[in-house]
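Undergrad: Can you read through this structure? Questions will come right after.
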Amino acid sequence: MKFNTQEQQLRQLLEQIDTPKVDNLHEKVHQRLTQKSPFSKGLKMTLATCLCLFLALPVAASTPTFQKLVYLISSEMIDALQPINLVSEDNDIRLEVLGALNDEEQVVIYLTLQDLNGDILDETLDIYNYTLDGVSILNIQTIDYNKETKTATLRLQGNGGKHLNGKSIRFGIQSFLTNKKFYDNMDVLLDWNELLSTTPEIITLGEHDSSGGSGLITVNDTAIQVLKPNQMDIKIPGLDFVTITNVGYVNNRLHIQTRWLEDNIDDHGYFYFTDSSNRRVNNKSWSISYGVNENNETEYGRIMTEYIFEISPEELSTFNLHGDFVSNDTYTEGNWNVKFKLDSTTEMFTQKTDIKQGSTTVAEVKISPLGITLNIVGELIPEDWQVSLILKDGARKTLSSRTSMTIQDETTLKFSDPTLLKLENIEAIQINDTIIPLPE
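In short: position in the sequence shown from 1, add 7, done, that's this note's numbering.
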């Protein structure tokens, strides 16, 4: 890899740093990246009038903030990162974008947020509203929090871009959440015999009323049937921000409907069943979020969440219902943004293909150090499709982190890994039984 003068200076500085080792860090980062949210976020807030201080200026690569990044990521990642080192300050919160790595379709950015007064940020930081030009799918996760310096280090991944090499992009944060409270393994005591003694009223959700969902139910589904809102008022012991508002069977599936406090931003949770040995029951489940007006008519929103389970009435008496919930205490708004140009930091191999299974065709396969991209025509490939790498030493590596973007009948599917892929060590890509060799 060729380095310019700035990169050579940066590398020399980094090699002089004696940093501790962190065990299992890649695994921890991977676990955070693959966590699923029960619904998508989407809330418009009116910004309060405030005096904003904004600046974007280079920062020396030898600052303690950048040095700390060295032991949070691999040396290979440090080698590949393009130094950015731009700062934006607002409301006594300092954003610093440290470095970026990209191919034509995906970008990974490392950044920090520091609390200059020390009374807002904590280890529960959750970036709520944020933007990045040129990509369609965003995921941002906190990978470290330093209590002494009140500094959070974050990893941002953007997918679904086109021709990112050489493109100027702007990254911005508009709001974040802190001081989260976690309520795990809460007992949800329901009298199933009483609740299911009558047939519930069922309604059809409006076509544009859902703000998100999980499982097989998505906002693109039509004729989604849910329980009539707000027919019950069942409190969960120990929780004051969520109420069970209806329970019943719809199309042979159990529905548990909840209502969240309107003033609380991004409170959320989910239910699950356990057996007599307190082990979780692995039954299929889904969720759908929507709004409701004063007449109990559905509308676009997220105040209501309906949890759906594939479980029979007979099984309910043998299982216990539990839930994990999260409430947010502090919501902070501001204007933190920087603009920078992406360099061509990674190589990419592209191969036209004609891999078919049913109505699904993989028309093109791309691989870069950031992962594998499949361009698909037709239906999205099932979750059980196996995409793996065959290494030259005979080992195999499976990429389990997956993101997708669909436009009409064409889907871009990206399989990524928290560590960089070394293309020189890869013999071939395997998609189910089809092997695609890489050029020498």
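Backbone N, C-alpha and C fix where the C-beta goes; we use that ideal spot for every residue, glycine too.
The model shown is predicted, which means the values in this text are computed figures rather than measured ones.
Identify, in the order they occur along the chain, each residue of the same chain with its Cβ nearer than 6 Å to the Cβ of Gly168, setting aside the five sequence neighbours on each side.
TA: Cβ within range, chain order: Glu112, Gly141 and Val142.
Undergrad: Considering only the alpha carbon of each residue, which of Gly378, Thr325, Val115 and His275 lies closest to Phe178?
TA: Of the listed residues, the one whose Cα sits closest to Phe178 is Val115.
Undergrad: Can you name the residues that DSSP bridges to Ile436?
TA: Leu396 and Ile443.
Undergrad: Hey, Leu377 and Val394: beta-carbon distance below 8 Å or not?
TA: Contact flag unset, no.
Undergrad: Please name the residue, chosen from Asn300, Gly219, Asn327 and Asn146, that lies closest to Ser283 on a Cα-to-Cα basis.
TA: The residue with the shortest Cα to Cα distance from Ser283 is Asn327.
Undergrad: Looking at Asp450: is its Cβ nearer than 8 Å to the Cβ of Thr312?
TA: Because the chain here runs from 8 to 447, residue 450 falls outside it and cannot be looked at.
Undergrad: Spatial neighbours of Leu88 within its chain, please: C-beta separation below 6 Å, excluding the five flanking residues on both sides.
TA: Contacts found: Gly106 and Leu108.
Undergrad: Comparing alpha-carbon positions, which option in Trp343, Gly385, Ser375 and Phe356 lies nearest Asn362?
TA: Correcting the residue type first, residue 362 is Ile in the shown sequence and not Asn. When only C-alpha atoms are compared, the closest one is Gly385.
Undergrad: Look at the alpha carbon of Asn382 and the alpha carbon of Thr441, and state the distance between them as a whole number of angstroms.
TA: So the two alpha carbons sit approximately 15 Å from each other.
Undergrad: State the DSSP-derived secondary structure class of Met355, mapped to helix, strand or coil.
TA: Three-state result, Met355: coil.
Undergrad: Would you tell me roughly how many angstroms separate the C-alpha atoms of Pro444 and Leu349, rounded to the nearest one?
TA: Taking the straight line from one Cα to the other gives about 30 Å.
Undergrad: Rounding to the nearest angstrom, what Cα-Cα distance links Leu123 and Arg266 in this structure?
TA: In a straight line, the C-alpha of Leu123 is about 37 Å away from that of Arg266.
Undergrad: Secondary structure at Ala230, three-state DSSP: helix, strand or coil?
TA: Coil at Ala230, not helix or strand.
Undergrad: Output yes if chain C places a C-beta closer than 8 Å to the C-beta of Asn124; else output no.
TA: The chain inventory of the structure shown lacks chain C, comprising one protein chain alone.
Undergrad: With a 10 Å radius around its C-beta and 16 neighbouring C-beta atoms as the bar for buried, classify Leu161 as buried or exposed.
TA: Per the 10 Å Cβ criterion, buried.
Undergrad: What does the alpha-carbon distance come out to for the pair Leu202 and Thr138?
TA: Leu202 and Thr138: Cα-Cα distance of roughly 44 Å.
Undergrad: Could you give the C-beta distance for Thr337 and Leu184, rounded to a whole number, given that I count them as a contact under 8 Å?
TA: That belief holds up - the Cβ atoms of Thr337 and Leu184 are roughly 7 Å apart, short of 8 Å.
Undergrad: Is Leu430 helix, strand or coil by DSSP?
TA: Helix at Leu430.
Undergrad: Quick one: is Pro236 buried, meaning 16 or more other Cβ sit within 10 Å of its Cβ, or exposed?
TA: Pro236 should be labelled buried.
Undergrad: From Asn342 to Thr325, what distance separates their C-alpha atoms?
TA: Straight-line Cα distance between these residues: approximately 52 Å.
Undergrad: Is the segment 281-296 touching the segment 313-320, taking contact as three or more C-beta pairs under 8 Å?
TA: Taking 8 Å as the limit for Cβ pairs, the verdict is that the segment 313-320 does touch the segment 281-296.
Undergrad: Please classify Val36: does DSSP put it in a helix, a strand, or coil?
TA: Model confidence at Val36 stands at a pLDDT of 38, short of 50, so the residue's coordinates are unreliable; what they give is reported in the following sentence. Three-state result, Val36: helix.
Undergrad: Based on the DSSP secondary-structure assignment, which residues constitute the bridge partners of Gln264?
TA: Gln264 pairs with Asn253 and Glu313.
Undergrad: With H, G and I counted as helix, E and B as strand and the rest as coil, what does DSSP make of Asp97?
TA: Reduced to three states, the DSSP call for Asp97 is strand.
Undergrad: List the endpoints of the continuous alpha helix (DSSP H) containing Asn300.
TA: Where Asn300 is concerned, there is no enclosing alpha helix (DSSP H), given that its DSSP letter is neither H nor E.
Undergrad: Would a C-beta distance cut-off of 8 Å place Glu103 and Leu118 closer than the cut-off?
TA: It is a contact, given that the beta carbons lie within the stated cut-off.
Undergrad: I'd like the span of the beta strand (DSSP E) that includes Asp194, first residue to last.
TA: Lys188 to Asp194 is the span of the beta strand (DSSP E), which, as asked, contains Asp194.
Undergrad: Can you list, in chain order, the residues of its chain with a C-beta nearer than 7 Å to that of Ala230? Leave out the 5 residues immediately preceding and following it.
TA: Correct list, in chain order: Thr211.
Undergrad: Please state whether DSSP places Ser82 in a helix, a strand or coil.
TA: Helix at Ser82.
Undergrad: Could you give the DSSP three-state label for Pro320: helix, strand or coil?
TA: Helix, per DSSP.
Undergrad: May I have the straight-line CA-CA distance separating Thr339 from His262, to the nearest angstrom?
TA: Straight-line Cα distance between these residues: approximately 34 Å.
Undergrad: Compare the C-alpha of Leu430 against each of Leu396, Val233, Lys188 and Leu323 and name the closest.
TA: Selected option, being the one with the closest Cα: Leu396.
Undergrad: Between the Cα of Pro244 and those of Asn285, Gly220, Asn253 and Val195, spot the shortest distance and give me the residue it belongs to.
TA: Cα-wise, what sits closest to Pro244 is Val195.
Undergrad: When you compare only the Cα positions, how much space is there between Tyr277 and Ile438?
TA: Cα-Cα distance, rounded: 33 Å.
Undergrad: By DSSP, does Ala107 sit in helix, in strand, or in coil?
TA: Of the three classes helix, strand and coil, the one that applies to Ala107 here is strand, per DSSP.
Undergrad: Within 10 Å of its beta-carbon, does Thr252 have 16 or more other beta-carbons around it, so buried, or fewer, so exposed?
TA: With 16 or more Cβ atoms within 10 Å of its Cβ, Thr252 is classed as buried.
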